[in-house]
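Going by the UniProt record's numbering, 118 is the number at position 118 of the sequence shown; the sequence numbering is gapless.
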Amino acid sequence: MIIDISCYPTNLVDLAWRHDGEPFTGERLLKMMDGPYWVNGKPRRVDKAFIQPPQGNTLYTDGVLEKAGRDGIDEYMAYTLELTRKYPDRFIGCFVYNPRYGVKNGVEAIERYVKEYGFKMVQFQANMHCYRPDRAGDWLRPALEKCAELGVLVKLHTGDGPYSIPNEWTPMMYAFPTVNFIMAHFGVQTGGVYCFEPFQLAMDNPNVFCESGWCLQSRIVEFSKDLPKNKILFGTDTPPNEPGMWLRHLEVLCTEPPQGLNLDEDTLEDYFGNNVARMIGLEPTAPPRTREEAEAYLAACAGRVAA
Numbered sequence: 001m002i003i004d005i006s007c008y009p010t011n012l013v014d015l016a017w018r019h020d021g022e023p024f025t026g027e028r029l030l031k032m033m034d035g036p037y038w039v040n041g042k043p044r045r046v047d048k049a050f051i052q053p054p055q056g057n058t059l060y061t062d063g064v065l066e067k068a069g070r071d072g073i074d075e076y077m078a079y080t081l082e083l084t085r086k087y088p089d090r091f092i093g094c095f096v097y098n099p100r101y102g103v104k105n106g107v108e109a110i111e112r113y114v115k116e117y118g119f120k121m122v123q124f125q126a127n128m129h130c131y132r133p134d135r136a137g138d139w140l141r142p143a144l145e146k147c148a149e150l151g152v153l154v155k156l157h158t159g160d161g162p163y164s165i166p167n168e169w170t171p172m173m174y175a176f177p178t179v180n181f182i183m184a185h186f187g188v189q190t191g192g193v194y195c196f197e198p199f200q201l202a203m204d205n206p207n208v209f210c211e212s213g214w215c216l217q218s219r220i221v222e223f224s225k226d227l228p229k230n231k232i233l234f235g236t237d238t239p240p241n242e243p244g245m246w247l248r249h250l251e252v253l254c255t256e257p258p259q260g261l262n263l264d265e266d267t268l269e270d271y272f273g274n275n276v277a278r279m280i281g282l283e284p285t286a287p288p289r290t291r292e293e294a295e296a297y298l299a300a301c302a303g304r305v306a307a
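As structure tokens, then:
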């Protein structure tokens, strides 16, 4: 089972990144997830994905997304909710918390989307929403208290200055030791390469985990030597990224040094999906041992869709 923790299907072209082409819909994402992708000589697919709206679509935008408060939150989350209901076997909901729509509104929405709609993760995007994580305690603490109460994963956008430098989240990580924080993009984005910060935070704190995507290939090999095996979670940031390159990014760990580290396939499967599966109560699965086994699994999946 491969689970991607960072996907952004949309029925509206991203209002911040202004991607070219038509909106990257849920159906387009499913087609991309189905691949197949070749991993260690076996065809694979991305079985499940955490989905959320593109961050640019979680902001007031004149003439497009103009609602405020609770209505505004439901407006920017509407397509994500629609997809999780339409494809519950493939998509897992991730709620985006934007405190600028009102802290009380956001905290109530976290509870509603988790309890009523089955969402398993909450994303914080301090850079897009313009607040300093180390200074915005009045905005963050109520939301994180609710996340701790509900036991949901918390994903943090990292890699951009001035507000998404990984270490800016350190006070909240210490304040909420029961919350599992995922450092999205491994501290690498347009603003800089802060990959050593998520690595050290995950080494020092049992409640901090690292998303594999965006990390430099040589560094993921280096970090995998020391990080506990449960600390790396597969994520691609699709779109704009494409899943295959990030599958290969982890597959290379199974090759010989110096490019790899002779990683075994069971640990690779932990990185691909079993680690996050355990965190949300799904049963882990063994990797396919042969090409024939992998092909049979994909054929069975296709058969279920056709039926």
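Note that the Cβ used here is the ideal one computed from N, Cα and C, for glycine as well. Fair warning: this is a prediction, and the values are worked out from it, not measured in the lab.
Could you check the C-alpha separation between G151 and N167 for me, to the nearest Å? Each residue's Cα considered, the two are about 23 Å apart.
Report the CB separation of G235 from E211 in whole angstroms; it is logged as a contact under 8 Å. Right, their Cβ atoms sit about 4 Å apart.
On the DSSP letters alone, give me the boundaries of the alpha helix (DSSP H) that H129 sits inside. Per DSSP, H129 is one residue of the alpha helix (DSSP H) stretching across 126-129.
Reduced DSSP category for W17 - H, G, I as helix; E, B as strand; rest coil: Coil at W17, not helix or strand.
Would you mind sorting K104 into buried or exposed? The rule is 16 or more other CB atoms within 10 Å of its CB. By the 10 Å Cβ count, K104 comes out exposed.
Please report the Cβ distance between D160 and N205, rounded to the nearest whole angstrom; I am assuming they are in contact, meaning their Cβ atoms lie under 8 Å. About 21 Å separates the two Cβ atoms, so there is no contact after all.
Please go through the segment 95-183 and give each complete beta strand (DSSP E) segment of 3 or more residues, from N-terminal end onward. Fully enclosed beta strand (DSSP E) runs of 3 or longer: 121-124, 153-157.
Any idea if Y163 is buried or exposed, counting beta-carbon neighbours within 10 angstroms, 16 or more meaning buried? By the beta-carbon neighbour count (other beta carbons within 10 angstroms, threshold 16), Y163 is buried.
So, is G273 buried or exposed, given that buried needs 16 or more other C-beta atoms within 10 angstroms? Around the CB of G273, 16 or more other CB atoms lie within 10 Å, so the residue is classed as buried.
Proximal residues to residue 338 (C-beta, below 7 Å), its chain only, five neighbours per side dropped: Residue 338 is absent from the model: the chain starts at 1 and stops at 307.
In DSSP terms, what E211 is bridged to: Secondary-structure assignment with DSSP links E211 through a beta bridge to L233.
Output the distance between the C-alpha atoms of Y60 and T158, rounded to the nearest integer angstrom. Rounded to the nearest angstrom, the two C-alpha atoms are 22 Å apart.
Option nearest R130 by Cα separation, candidates M121, H185, Y97: Looking at the sequence itself, residue 130 is Cys, so the reference to Arg does not match. Selection M121, H185, Y97 evaluated against C130 yields Y97 as nearest (Cα-Cα).
Identify whether I73 lies in helix, strand or coil by the three-state DSSP scheme. For I73, the three-state secondary structure derived from DSSP is helix.
Are G187 and P198 touching if we call contact CB-CB under 8 Å? P198 sits close to G187, with the two beta carbons spaced by under 8 Å.
Cα-Cα separation, K155 to M121: The alpha-carbon atoms of K155 and M121 are separated by roughly 7 Å.
Between which two residues does the alpha helix (DSSP H) holding I220 run? Looking at the DSSP string, the run of the alpha helix (DSSP H) that includes I220 is 217-224.
Touch test, the segment 38-48 against the segment 15-26, Cβ-Cβ under 8 Å, three pairs minimum: The segment 38-48 vs the segment 15-26: no contact.
What does the Cβ neighbour count give for M245, buried or exposed, with the cut at 16 atoms within 10 Å? Exposed, by the Cβ-count rule.
Rank G137, G56, A143, T10 by C-alpha distance to the C-alpha of L81 and give the top, closest one. Among G137, G56, A143, T10, the Cα nearest to that of L81 is on T10.
What residues in its chain sit with their C-beta under 8 Å from that of Y113, if we drop five residues either side in the sequence? Excluding sequence neighbours, Y113 sits near M77, L81, G93, F95, F119.
Considering Cα atoms alone, identify which of P284, N207, T255 is closest to G41. For G41, the nearest C-alpha among the options comes from T255.
Assumed close pair M32, P243 - CB separation to whole angstroms, cut-off 8 Å: That belief holds up - the Cβ atoms of M32 and P243 are roughly 6 Å apart, short of 8 Å.
Which word fits G26, buried or exposed, when buried means at least 16 other C-beta atoms lie within 10 angstroms of its C-beta? Residue environment analysis places G26 among the buried positions, since at least 16 neighbouring C-beta atoms fall within 10 angstroms of its C-beta.
What is the rounded straight-line gap between the Cα of F91 and the Cα of P258? Going by the C-alpha atoms only, they are around 36 Å apart.
Any idea if D4 is buried or exposed, counting beta-carbon neighbours within 10 angstroms, 16 or more meaning buried? Classification of D4: buried, given that the 10 Å Cβ count is 16 or more.
If you measure between the beta carbons of F209 and N180, is that distance less than 8 Å? For F209 and N180, yes; Cβs fall inside 8 Å.
My understanding is that A143 touches I182, with C-beta atoms under 8 Å, so please give their C-beta distance in whole angstroms. That belief does not hold up - the Cβ atoms of A143 and I182 are roughly 15 Å apart, past 8 Å.
Using the three-state DSSP reduction, which class does G260 fall into: helix, strand or coil? Coil at G260, not helix or strand.
Limits of the beta strand (DSSP E) - the one that V39 falls within: For V39, the uninterrupted beta strand (DSSP E) run begins and ends at 37-39, by DSSP.
Rounded to a whole number of angstroms, what is the C-alpha to C-alpha distance between Y101 and S6? Distance between the alpha carbons of Y101 and S6 is about 23 Å.
Tell me which same chain residues have a C-beta within less than 7 Å of the C-beta of E265, skipping the five on either side of it? So the list reads N40, C254, P287, once near-sequence residues are dropped.
In angstroms with no decimal places, state the Cα-to-Cα distance between P53 and Y79. Cα-Cα distance, rounded: 8 Å.
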